[in-house]
Amino acid sequence: ACRLKTHMMLFYRKYGSGPALMILHGLYGSSDNWVSIAGKIDDRFTVIIPDLRNHGASPHSSIHDYDAMSLDIKELADELNLGHFFLAGHSMGGKAAMKFAMRWPERLLGLLIADISPVNSTERFKKDLEKHREIMQAMISADISSASSRKEAEALFSSLQSEKLTGFILKNLRRKTDGGFTWKINLGTLAASIENIMASVEPGKNEDRSISGFPVFFLKAGKSDYITDDDIGPILKIFPGAEIITIPEAGHWIHSDNPEAVVSALLKFLETDQD
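Residue numbers (the numbering used here): 13 to 287.
As structure tokens, this is what we get:
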């Protein structure tokens, strides 16, 4: 079967100069989440932050899986003439970045994965599924189109019981011209694809099963269970040279909890000898 090119022209932000670094956000996120970190490293890197498909200002599609997302990244890299570049990703974006590394390792100068494992255990998969179905159900059933202010919209999410999560989700609101709000993200497709999003990413039959030749960093958030001791083996099987860096005082949204540690991990890319 021939793979059609997706030509999903992703929206992206671009800052700075130096070697190219592309950063991929997580589920419900957008390029916006990484702008402040870009501002701390754009004197060293050309930072490119796309909105992934079905998120932010990028196009919507009925397909949402890691094959499609990694191809979107390749097309964007080709579009921007990035021969070789550094790639970083958080959570869902981390899985998309790992899938890219499995398919096109020759394009990468380095890979940084923030608080996500390539494999999802059955137990964690179930827990994730339940949690995200609850979040999406809250988003789908919230009558945001009649809310007259962000405050009013916020009140619709009291069931989530997490101010941080609610704030993060409300970044996806877009005000309509006639008042009220709509969602920027493609909620229908994301809800239908939630099992794809939570699934493990493993090398396909024609893909690299053991990826090396450039620095690979996994940032493990100290207060999160997305990378556990059980994940270290599977990570090192696919990325034998990976360095696991624990980021203290950080939950899963590691870049907002401890941006300094994330910045210093990204700068570590430049300490390794570039060919």
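Ideal Cβ placement from N, Cα and C applies to all residues, glycine included.
Handout entry: Range covered by the beta strand (DSSP E) that runs through residue 92
Key = Here residue 92 belongs to no beta strand (DSSP E), and DSSP marks it neither H nor E.
Q) Is it buried or exposed for residue 51, if we count other Cβ within 10 angstroms and need 16 for buried? A) Residue 51 comes out exposed.
Problem set entry | Stretch-stretch touch, CB-based, cutoff 8 Å, three pairs: the stretch 32 to 44 with the stretch 85 to 102 | Result yes; three or more Cβ-Cβ pairs closer than 8 Å.
* **Selected residue, minimal CA-CA separation from residue 115, among 87, 82 and 128** => Minimum Cα distance to residue 115 is reached at 82.
- request: Starting from the N-terminal side, write out each stretch of the alpha helix (DSSP H) that is 4 residues or longer and does not extend beyond the stretch 177 to 216.
  value: Fully enclosed alpha helix (DSSP H) runs of 4 or longer: 199 to 204 and 206 to 210.
Cβ-based neighbour list, residue 287, same chain, cut-off 8 Å, excluding 5 preceding and 5 following: Here residue 287 scores only 46 on pLDDT, less than 50, and its place in the model should not be relied on; the value that follows carries that caveat. Closer than 8 Å at the Cβ level, and outside the excluded window around residue 287, lies no residue.
Cut-off 7 Å between Cβ atoms - residues of its own chain near residue 30, not counting five sequence neighbours on either side | So the qualifying residues of the chain are 56, 57 and 58.
Quick one: what does DSSP say residue 52 is sitting in, helix, strand or coil? Here residue 52 sits in helix by DSSP.
As assigned by DSSP and simplified to three states, the class of residue 104: Shown here, residue 104 sits in a helix according to DSSP, grouped into three states.
Please state whether DSSP places residue 248 in a helix, a strand or coil. The three-state secondary structure of residue 248, taken from DSSP, is helix.
According to DSSP, is residue 40 helix, strand or coil?
The three-state reading of DSSP puts residue 40 in coil, since its state is none of H, G, I, E or B.
For residue 111, which residues in the same chain have their Cβ closer than 6 Å to its Cβ, ignoring the five residues on either side in sequence? Contacts found: 78, 82 and 213.
Using a Cβ-Cβ cut-off of 8 Å (strictly less than) and excluding sequence neighbours within five positions of residue 147, which residues of its own chain qualify? So the qualifying residues of the chain are 40, 172, 177 and 181.
_So for residue 269, helix, strand or coil by DSSP?_
Residue state, collapsed to three classes: helix.
Review point. Is it buried or exposed for residue 218, if we count other Cβ within 10 angstroms and need 16 for buried?
Key: Burial call: exposed.
**Study point:** Enclosing alpha helix (DSSP H) for residue 118 [first to last residue]
**Key:** From DSSP, residue 118 is part of no alpha helix (DSSP H); its letter is neither H nor E.
Exercise for the section: Grab the span of the beta strand (DSSP E) containing residue 258 for me, first residue to last. Expected result: Counting along the chain, the unbroken beta strand (DSSP E) around residue 258 starts and ends at 255 to 259.
Stretch-stretch touch, CB-based, cutoff 8 Å, three pairs: the stretch 192 to 206 with the stretch 60 to 74
Touching, per the Cβ criterion.
| said: According to DSSP, residue 27 sits in a beta bridge with which residue or residues? | reply: DSSP, once it has assigned bridges, lists 59 as partnering residue 27.
Rounded C-alpha distance that separates residue 162 from residue 245: For residue 162 and residue 245, the distance between alpha carbons rounds to 44 Å.
Original post:
Alpha carbon to alpha carbon, how far is residue 16 from residue 84?
Top reply: Note that residue 16 scores a pLDDT of 49, beneath 50, so its modelled location is shaky; the value from the coordinates is reported in the next line. If you take the alpha carbons of residue 16 and residue 84, they lie about 12 Å apart.
Note the first and the last residue of the continuous beta strand (DSSP E) segment covering residue 150.
For residue 150, no beta strand (DSSP E) segment is defined; the enclosing uninterrupted segment is the alpha helix (DSSP H) at 134 to 153.
How would you call residue 152, buried or exposed, if buried means at least 16 neighbouring beta carbons within 10 angstroms? When all chains shown are included, residue 152 counts as exposed.
Starting from the C-beta of residue 221, find all residues in its chain whose C-beta is less than 6 Å away, skip the five residues before and the five after it, and write them out in chain order.
The residues are 215.
- Query: Would you say residue 270 and residue 210 are within 9 Å of each other, going by their C-beta atoms?
  - Reply: No, the Cβ-Cβ distance between residue 270 and residue 210 is not below 9 Å.
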